[in-house]
Structures are given as C-alpha cells and as structure tokens.
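Visitor:
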Amino acid sequence: MAIQEERWRRVRSAQDEEAWIVECKRYLSGEVDGLDSAQVERCAKLAPSFEVDARGLVRYISPSGRMSPHDGTEDPVARVVMPTTLHEESLNHYHSSLDGSHQGVSRTFARIRETFYWRGLFRSVQEFAARWPDCTTGKGVPRLHAPSPGNIIATRPFQVVAMDFIPALPVSYLGNSELLVFVDLFAGFTILKATHSRTAKNVAEVYEEADYRRFRASEALRHDREAGFVSAFFRQFNELMGQRQRATLAYRPQANGMAARKV
Numbered sequence: 001m002a003i004q005e006e007r008w009r010r011v012r013s014a015q016d017e018e019a020w021i022v023e024c025k026r027y028l029s030g031e032v033d034g035l036d037s038a039q040v041e042r043c044a045k046l047a048p049s050f051e052v053d054a055r056g057l058v059r060y061i062s063p064s065g066r067m068s069p070h071d072g073t074e075d076p077v078a079r080v081v082m083p084t085t086l087h088e089e090s091l092n093h094y095h096s097s098l099d100g101s102h103q104g105v106s107r108t109f110a111r112i113r114e115t116f117y118w119r120g121l122f123r124s125v126q127e128f129a130a131r132w133p134d135c136t137t138g139k140g141v142p143r144l145h146a147p148s149p150g151n152i153i154a155t156r157p158f159q160v161v162a163m164d165f166i167p168a169l170p171v172s173y174l175g176n177s178e179l180l181v182f183v184d185l186f187a188g189f190t191i192l193k194a195t196h197s198r199t200a201k202n203v204a205e206v207y208e209e210a211d212y213r214r215f216r217a218s219e220a221l222r223h224d225r226e227a228g229f230v231s232a233f234f235r236q237f238n239e240l241m242g243q244r245q246r247a248t249l250a251y252r253p254q255a256n257g258m259a260a261r262k263v
C-alpha cells in the first residue's frame with residue numbers, strides 16, 4: 001500500500017509540473033482566476049474528458065463503451081493522466097523490466113492502458129518497442145518451423161568478414177569509446193579499430209580504413225542488427241563495394257558468434 005501511495009505521489013508531483021495538466025486541474029477545481037481567456041477556452045474543451053480524483057490526480061474519462069481501435073477491447077472508464085516526464089519510465093517498466101518481459105506492442109499497450117492515459121500512447125509503445133530489435137529472443141521457440149539458416153562457412157581468407165562493436169569503454173584521449181571488431185571467418189584473423197561513433201557513415205569509414213585498404217572487399221559481411229550496420233547508407237556502401245550483407249536473424253544472434261566472442 002505504501003509503495004502504491006508513493007507511486008501516486010510521484011505521478012501527482014509530475015502532473016503539477018506539466019503546464020496543460022496544471023491548467024486543466026485548476027479549471028476543473030474552479031480556480032480559473034489565474035487563467036487567461038485562451039487557457040479557459042482550451043480547458044473548457046478538454047473538461048468533459050477529464051476529472052480530478054480524491055488524491056488530486058487528473059484522470060482521463062473515456063466515453064462509456066468506446067472500443068479501442070488497436071485491439072477491439074473496451075476502454076477503461078477513468079485512467080490517470082501520465083505526465084510526459086514519466087512516459088519513458090512507464091514504457092520501460094511495462095515493456096522491458098522483469099515484470100514487463102518484452103511482451104510486444106499490443107500487450108504492452110493494453111497493460112499501460114488499464115491504468116494510464118497519455119496522448120499518442122499506442123505510437124509511443126510502437127516506437128519504444130522498435131528500439132528492442134531482439135525482443136523476439138525472449139518469446140520462446142518460433143511457432144512456424146523452417147530449415148535453420150545455418151552459419152556461413154568461408155572457404156578462403158577474407159571471403160567473409162564478421163563485425164561487431166565492443167561498446168561503453170573508457171573514453172580515450174582521442175575521444176574514442178568503442179571498438180569495432182572485424183574477424184576473418186576462415187582463419188580467425190582479428191582487426192580492432194577504436195572509434196567514437198556507431199553511425200553508418202563512421203562504420204563505413206572505419207571498414208574502409210581498417211579492412212578494405214589491406215585486404216580489399218569481401219564477398220560478404222556478417223553482422224548483427226546494429227542500427228549502423230542495417231541502415232540504408234551502409235547498405236548502399238556495400239553495394240558500391242560489390243559485397244553482400246548477411247545480418248543475423250533477430251531470434252538467432254549467435255549466428256554472429258565468432259565476432260561476438262571477441263567482445
């Protein structure tokens with residue numbers, strides 16, 4: 001009970017710091033003296049959809065029986081308005097924590113919507129979940145069975161090069177805090193290159209300097225689904241080089257095991 005009360009206290013405190021919620025709360029409480037005409041007009045339009053409960057929390061009131069356009073279920077009647085400053089924390093709790101268990105967009109959206117409301121909630125959940133490309137690793141065995149994609153087997157030196165990042169290292173005097181690893185899948189020859197960024201442009205520059213200048217282009221690059229590796233820029237770079245990209249599947253990151261083991 002104490003934990004729940006602390007939770008509501010934090011939400012109420014954050015509500016009191018967000019301008020439109022403060023205006024709406026004052027209007028609903030009849031304290032309109034400090035509001036200008038534009039604020040009163042705006043609050044008058046919002047008022048039918050909101051209320052202030054006994055804890056001083058502003059709640060959103062959905063029309064009775066309205067169906068959600070996302071999953072076809074009925075909206076709860078009154079939900080606490082979640083301030084912008086707590087959106088990220090709420091998304092992390094309901095999606096990424098041990099309690100959330102990476103249950104995907106629809107389930108995360110439904111769980112948050114049971115208690116909370118904010119404008120653009122579904123889009124927020126979509127965008128947050130998209131930042132976790134390996135969510136499917138926690139969803140058990142795929143229901144649809146298909147042949148294993150298998151690991152790539154190289155038959156000559158530098159035919160296939162695997163690459164991966166070693167992140168979050170102490171910043172060097174040159175400002176570098178990452179290592180980009182290149183591993184020849186035939187002989188295991190490894191190249192490490194310090195870098196300061198994971199952008200696609202920087203990845204391309206590092207590859208050209210550390211690998212291409214010494215061994216020329218490979219037939220294929222093996223990598224995970226790091227944003228800099230799967231971007232349109234890096235894809236076009238590889239097309240110019242005449243080499244293919246072989247990204248691992250989201251549910252099978254171990255397919256890039258040789259590079260990952262260097263990390």
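Quick note, the sequence shown lines up with residues 1 to 263 if you use UniProt numbering.
Just so you know, even glycine gets a beta-carbon here, dropped at the ideal spot from N, CA and C.
Check whether the region 158-165 and the region 178-193 touch, using three or more Cβ-Cβ pairs below 8 Å as the test.
Guide: Segments in contact, yes.
Visitor: My parser needs the alpha helix (DSSP H) runs of 4 or more residues fully inside the region 137-225; what are they?
Guide: 200-207, all fully within the region 137-225.
Visitor: If the criterion is Cβ atoms closer than 8 Å, does the pair Y60 and R79 meet it?
Guide: Yes; because the gap between Cβ atoms is below 8 Å, this pair is in contact.
Visitor: With a Cβ-Cβ cutoff of 8 Å, do A220 and I152 count as a contact?
Guide: Their beta carbons are under 8 Å apart, which means A220 touches I152 by this criterion.
Visitor: When the Cα atoms are used, what is the spatial distance from E88 to A194?
Guide: Rounded to the nearest angstrom, the two C-alpha atoms are 31 Å apart.
Visitor: Identify every residue that forms a DSSP beta bridge with Q15.
Guide: According to DSSP, Q15 bridges with nothing at all.
Visitor: Using 8 Å as the limit for Cβ to Cβ distance, is A129 near chain B?
Guide: Considering every chain present, this structure includes no chain B. It has just one protein chain.
Visitor: Rounded to whole angstroms, what's the CA-CA distance from V81 to R12? Just pull it up for me.
Guide: Distance between the alpha carbons of V81 and R12 is about 9 Å.
Visitor: Is the region 110-118 close to the region 194-211, with three or more CB pairs under 8 Å?
Guide: These segments do not touch.
Visitor: Look up V105 in the DSSP assignment and say whether it is helix, strand or coil.
Guide: If DSSP states are grouped into helix, strand and coil, V105 belongs with the helices.
Visitor: Using alpha carbons as the reference points, say which of H95, E5, T85, E178 lies closest to R55.
Guide: Comparing Cα positions, the closest option is E5.
Visitor: For Y94 versus T84, is the C-beta spacing smaller than 8 Å?
Guide: In this structure, T84 does not lie closer than 8 Å to Y94 by Cβ.
Visitor: Going by beta-carbon coordinates alone, are C24 and L57 separated by less than 8 Å?
Guide: Contact: no.
Visitor: For the region 23-48, list the alpha helix (DSSP H) runs that are entirely contained and at least 4 residues long, ordered along the chain.
Guide: Listed in chain order, they are 37-46.
Visitor: My assumption, with CB atoms under 8 Å, is that F165 sits in contact with E226. Please give the rounded CB distance.
Guide: With a Cβ gap of about 6 Å, F165 and E226 count as contacting.
Visitor: If you draw a straight line from the alpha carbon of Q15 to that of G175, how long is it in whole angstroms?
Guide: Roughly 39 Å separates the two Cα atoms.
Visitor: Exposed or buried, T248, counting other C-beta atoms within 10 Å across all chains shown (16 or more means buried)?
Guide: Classification for T248: buried.
Visitor: Closest to L28 by C-alpha separation, out of A130, A19, R216, V52, would be which residue?
Guide: Of the candidates A130, A19, R216, V52, the one whose C-alpha sits nearest the C-alpha of L28 is V52.
Visitor: Straight-line CA distance for S31 to S49?
Guide: Note on residue identity: the sequence assigns Glu, not Ser, to residue 31. So the two alpha carbons sit approximately 18 Å from each other.
Visitor: How about F229 and H223: are their beta carbons less than 8 Å apart?
Guide: In contact: F229 and H223 (Cβ atoms closer than 8 Å).
Visitor: Quick one: Cα of Q243 to Cα of A2, how far?
Guide: Distance between the alpha carbons of Q243 and A2 is about 60 Å.
Visitor: Looking at the unbroken beta strand (DSSP E) that takes in Q236, where does it start and where does it end?
Guide: Segment 232-241 is the alpha helix (DSSP H) holding Q236; no beta strand (DSSP E) there.
Visitor: Name the one or two DSSP bridge partners that E51 has.
Guide: R59.
Visitor: Over what stretch of residues does the beta strand (DSSP E) that includes R79 continue unbroken?
Guide: Element bounds for R79: 78-81.
Visitor: Return the chain-ordered list of same chain residues with a C-beta closer than 6 Å to the C-beta of Q245, the five sequence neighbours on each side being excluded.
Guide: Excluding sequence neighbours, Q245 sits near L221, N238.
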